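Okay, so here's the structure we're looking at.
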Amino acid sequence: MMISRKGVSMSESKKLNPNFNPFGVRLNKESHIKKVVAIVSGKGGVGKSLVSGLLANTAVNHGYFTGLLDADVTGPSIGRMFGIKQGAYSNEEGLIYPAVTPKHLKIMSANMLLEDEEKAVMWRGIMINNAIKDFYAKVLWQDLDLLFVDMPPGTGDVPLTVYQSLPVAGIVLVTTPQDLVSMIVAKAIDMANKMNVPILGIIENMSYMKDEETGKVYYPFGESKLEEYALRHNLKILARLPIDASLRNAADQGDFDALEVEYLQEALASIVSELDLKIE
């Protein structure tokens with residue numbers, strides 16, 4: 002049994018404090034987060050941020066105190082999706098106030114640090130990694146049931162920092178029907194397994210397109226092979242998202258907070274059940 006410097010075992014410390022992470026950063030004393038869930042993809046362009054936003058939106062709509070951390074520091078999009086205009090500012094103790102949407106979703110994104118959101122974030126790896134740690138540890142999240150982390154694509158420095166520094170309870174994989182994307186997602190699966198991070202399931206985005214007048218379903222990227230892929234990697238299928246112009250329009254116009262769609266209601270229920278998360 003590994004003993005901490007205060008004479009309490011690591012396992013006992015984790016039971017006493019769910020934010021305990023012996024190798025990571027410590028959450029500020031004003032905040033308490035029950036579960037951290039990372040949204041992951043093997044490559045860009047699969048709609049990972051859209052899925053992150055939808056999951057956070059769905060959680061808020063179902064009564065969960067929810068936060069959304071945009072860990073894609075060099076390509077942040079969460080702030081734009083939710084119409085965040087405010088900059089980041091802190092209190093006397095140096096804790097950063099997150100942006101809060103009308104539905105009370107709390108958001109932290111690198112966009113909030115920029116005077117002009119169209120300016121490039123040209124930071125070296127160590128600065129990006131430190132920013133992500135601060136986005137978790139020094140933001141005044143207060144009491145959250147769920148904190149979703151929108152990860153940058155791939156298996157590089159940032160995912161490694163998140164897995165090592167934040168108490169990630171599990172990840173959700175995002176993919177699309179193309180074979181190439183599936184191959185690349187396998188790398189994200191391998192990384193999660195090597196880091197001993199549980200995979201809560203997989204969501205296929207842009208899975209199909211439905212003609213509302215005729216009810217006919219089209220597969221612009223080909224027939225899905227999600228069942229075969231999930232079986233091969235022992236993954237739970239959480240959802241298939243359609244190509245829906247209303248989602249794109251809401252993201253482009255900064256109205257994501259107003260969405261009432263329930264595409265991910267069952268996916269959220271599965272995640273909450275897997276994490277044994279209960280709200281009081």
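Mapped onto this note's numbering, the consecutive letters of the sequence shown carry residue numbers 2 to 281.
Glycine residues also receive a C-beta, built at the ideal position from the N, C-alpha and C atoms.
This structure is a prediction, so every number in the text was calculated from the model and none was measured.
8 Å contact criterion, which M113 and A252 should meet: CB distance rounded: That belief does not hold up - the Cβ atoms of M113 and A252 are roughly 17 Å apart, past 8 Å.
Rounded separation between M123 and T75 - CA only: 7 Å
Alpha helix (DSSP H) segments (min. 4 residues) lying fully within the region 147-211: 158-166, 180-195
Residues near Y219 in its chain [Cβ-Cβ closer than 6 Å; skip 5 each side]: M210
Other residues of its chain near S166: CB distance less than 7 Å, five sequence neighbours each side excluded: G25, V26, K134
Bounding residues of the alpha helix (DSSP H) (the contiguous stretch that carries W73): The question names Trp, but residue 73 is Asp in the sequence shown. Taken as a continuous stretch (DSSP letters only), D73 belongs to no alpha helix (DSSP H), as it is neither H nor E.
Backbone CA spacing between E275 and K104 [nearest angstrom]: 25 Å
Span separating the alpha-carbon of K30 from that of K120: 33 Å
Whole-number beta carbon distance between G171 and P199, since they are thought to touch under 8 Å: 4 Å
Environment of K36 [buried if 16+ CB atoms lie within 10 Å]: buried
Length of the line joining the Cα atoms of G106 and H234: First, the amino acid is wrong: residue 106 is Leu here, not Gly. Approximately 33 Å between the Cα atoms of the pair.
Three-state class that DSSP yields for D144 in the structure shown: strand
Coarse secondary structure for K44, derived from DSSP in three states: coil
Start and end residues, beta strand (DSSP E) containing I244: Careful: I244 lies outside any beta strand (DSSP E) and carries neither H nor E.
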